[in-house]
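This report refers to the structure that appears directly beneath it.
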Amino acid sequence: MKPTILALSVALAAALFPQAASAASSAARSTQVMASHKSPFNCGKTFYANNWIDTPPHNPEGSIDWQTYGSDAINGEPVRATAAGTAYFNDAGSTSYGKWVEVRHGDGTRTRYAHLATMVRAAGGSMSVSQGTQIGTVGSTGGSNAPHLHYEQRTSGGAVDTSPTVEGVTVSLGQKKAVTSTNACGGGGNPYTPEEVCGSGYATIDSAAVTGGRVYLLYNSGNGYNCVTTLKTTNVGSPASMSAFLEPEGSNRTTNSGSFSYYAGPVKRSAPGTCVKWGGSIGSDSYTSPFEHCGS
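According to mature numbering (1 follows the signal peptide of the UniProt record, and there is no 0), the sequence shown holds residues -23 to -1, 1 to 273 in order.
Structure representation (structure tokens):
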């Protein structure tokens, strides 16, 4: 294919002004990355995103305070990763962030979530997260005078983005906007998430697609239990044949099956330090894992 006049012009500009071209490319990548972040809350929840200009300035400037909006009281709300990555859990005690989590994303950018009441891992721990994985709950630990979620988006160089974007909404310095979450909607409008089905303390550690939905394996590090649930992503709300099963190595399999509108399960079994086989089905399509996840 012959290069277009526009393509030749862009190439010439890049050659003559490499720094400008690099900056434009970097800005485009940054915009694309930030636009991919969702709200850190459950599907359908609306909260105020406040990018304060205070005296003294909000520390760090450009960070967001998520606060109650209308009837959606924020205290105790599940906090979810706004994009996929690796989550690192920390506790600064009675100062600064209090209980806080940093998620490092694949492109080198980072997000931070502070003043948490609880975290799904102990301080010093880490785990892989998908967009929507629960990492804690909203609280008021550390240097906080009321329940809220302190949230930051940072570049790969560590600088705080002073105009962060979530759900396609940019909240610049001095702005306060009500943002409704589409995070953890389960796909296809399913109002449930794996963590909600399995309950407090469970976090997703693996998943597999089946036609019309997805099977999830979760683990609770507090009690050593695994949990499996199958969630629909199509024809949500209409009954369909579904199942979820869990089999610790050396033990019998436990299965939940039937005609369900939203999800099958939860199936929970104690399996600390034990390999598990897990899976589920929707209609005629099913998934069965090998024995795996032997340490969790």
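Ideal Cβ placement from N, Cα and C applies to all residues, glycine included.
Using beta-carbon positions only, say whether residue i and residue j come within less than 8 Å of one another.
{"i": "His14", "j": "Ala64", "result": "no"}
{"i": "Ser266", "j": "Gly257", "result": "no"}
{"i": "Gly21", "j": "Ser158", "result": "yes"}
{"i": "Val205", "j": "Gly242", "result": "yes"}
{"i": "Tyr90", "j": "Val146", "result": "no"}
{"i": "Val137", "j": "Gly39", "result": "yes"}
{"i": "Tyr128", "j": "Pro17", "result": "yes"}
{"i": "Thr139", "j": "Thr86", "result": "no"}
{"i": "Ser121", "j": "Gly75", "result": "yes"}
{"i": "residue 275", "j": "Ala58", "result": "With the chain represented from -23 up to 273, any question about residue 275 goes unanswered, as that position is not in the structure."}
Buried or exposed, going by whether 16 or more other CB atoms sit within 10 Å of the CB of residue i?
{"i": "Asn233", "result": "buried"}
{"i": "Thr188", "result": "exposed"}
{"i": "Pro216", "result": "exposed"}
{"i": "residue 274", "result": "Given that the chain is displayed from residue -23 to residue 273, the structure contains no residue 274 and the question cannot be resolved."}
{"i": "Cys271", "result": "exposed"}
{"i": "Ser36", "result": "Here residue 36 is Asn; the residue named in the question, Ser, does not match the sequence. So Asn36 counts as exposed."}
{"i": "Asn160", "result": "buried"}
{"i": "Asn203", "result": "buried"}
{"i": "Lys153", "result": "exposed"}
{"i": "Ala123", "result": "exposed"}
{"i": "Gly134", "result": "exposed"}
{"i": "Gly235", "result": "exposed"}
{"i": "Gly53", "result": "exposed"}
{"i": "Asp42", "result": "buried"}
To which residues of the same chain is residue i closer than 6 Å at the C-beta, ignoring the five residues directly before and after it?
{"i": "Ser107", "result": "Ala61"}
{"i": "Thr181", "result": "Thr110, Pro171, Tyr193, Leu195"}
{"i": "Ser7", "result": "Caution applies to Ser7, whose pLDDT of 38 falls short of 50 and renders its modelled position unreliable; the value that the coordinates give is listed next. No residues qualify anywhere along the chain."}
{"i": "Pro162", "result": "At residue 162 the sequence reads Cys, which differs from the Pro that was named. So the list reads Cys20, once near-sequence residues are dropped."}
{"i": "Phe268", "result": "Glu226, Cys252, Lys254"}
{"i": "Arg230", "result": "Phe222, Glu224"}
{"i": "Val174", "result": "Thr206, Tyr240, Pro243"}
{"i": "His82", "result": "Ala60, Gly62"}
{"i": "Lys245", "result": "Tyr202, Cys204"}
{"i": "Ser(-2)", "result": "In this prediction, Ser(-2) scores a pLDDT of 39, lower than 50, which makes its location untrustworthy; the coordinate-derived value is nonetheless stated afterwards. Closer than 6 Å at the Cβ level, and outside the excluded window around Ser(-2), lies no residue."}
{"i": "Asp183", "result": "Leu194"}
{"i": "residue 278", "result": "Here the chain covers residues -23 to 273 and nothing more, so residue 278 does not appear."}
{"i": "Ser261", "result": "none"}
For residue i, collect the residues of the same chain with a Cβ closer than 7 Å to its Cβ; drop the 5 residues on either side in sequence, then sort them by chain order.
{"i": "Gln44", "result": "Phe24, Tyr25, Asn27, Ile51, His125"}
{"i": "Arg98", "result": "Phe66, Met104, Ser198"}
{"i": "Pro259", "result": "Here residue 259 is Ile; the residue named in the question, Pro, does not match the sequence. If we look at Ile259 and ignore the five residues flanking it on each side, its Cβ neighbours are Val187, Thr188, Gly189, Gly190, Thr207, Lys209, Ala217, Met219."}
{"i": "Ala100", "result": "Phe66, Asn67, Asp68"}
{"i": "Trp77", "result": "Asn67, Ala69, Arg89, Tyr90, Ala91, Leu93"}
{"i": "Gly151", "result": "Asn28, Ile30"}
{"i": "Asn167", "result": "Leu208, Lys209, Thr210, Val213, Tyr239"}
{"i": "Ser71", "result": "Gly119"}
{"i": "Tyr169", "result": "Gly163, Leu208, Tyr239, Tyr240"}
{"i": "Gly102", "result": "Phe66"}
Which same chain residues, not among the five before or five after residue i, have their C-beta less than 8 Å away from its C-beta?
{"i": "Asn200", "result": "Gly178, Ser247"}
{"i": "Ser263", "result": "Val187, Ser220, Gly256, Gly257"}
{"i": "Ser149", "result": "Asn28, Thr139, Ser140"}
Counting only beta-carbon atoms, is residue i nearer than 8 Å to chain B?
{"i": "Leu150", "result": "The chain inventory of the structure shown lacks chain B, comprising one protein chain alone."}
Notebook entry, point to check: With contact counted as at least three CB pairs below 8 Å, one residue from each stretch, are the stretch 91 to 101 and the stretch 115 to 133 in contact?
Noted result: The stretch 91 to 101 vs the stretch 115 to 133: in contact.
Note to self: Restricting to runs no shorter than 4 residues, where is the alpha helix (DSSP H) found entirely within the stretch 129 to 206?
What the structure shows: Listed in chain order, the complete alpha helix (DSSP H) runs (minimum 4 residues) inside the stretch 129 to 206 are 171 to 175.
Margin query: So within the stretch 242 to 270, which uninterrupted alpha helix (DSSP H) runs reach at least 4 residues, ignoring any that extend past its ends?
Written below: Correct list: empty.
Check: Considering only residues of the stretch 206 to 240, which uninterrupted beta strand (DSSP E) runs meet the minimum length of 3 residues and lie entirely inside it, listed in chain order?
Finding: If you keep only unbroken beta strand (DSSP E) runs of at least 3 residues inside the stretch 206 to 240, you get 217 to 225, 231 to 237.
Margin query: Please give the ranges of any beta strand (DSSP E) in the stretch 99 to 125, keeping only runs that are unbroken, at least 3 residues long and fully inside the region.
Written below: Along the length of the stretch 99 to 125, whole beta strand (DSSP E) runs at least 3 residues long occupy 103 to 106, 111 to 115, reported in chain order.
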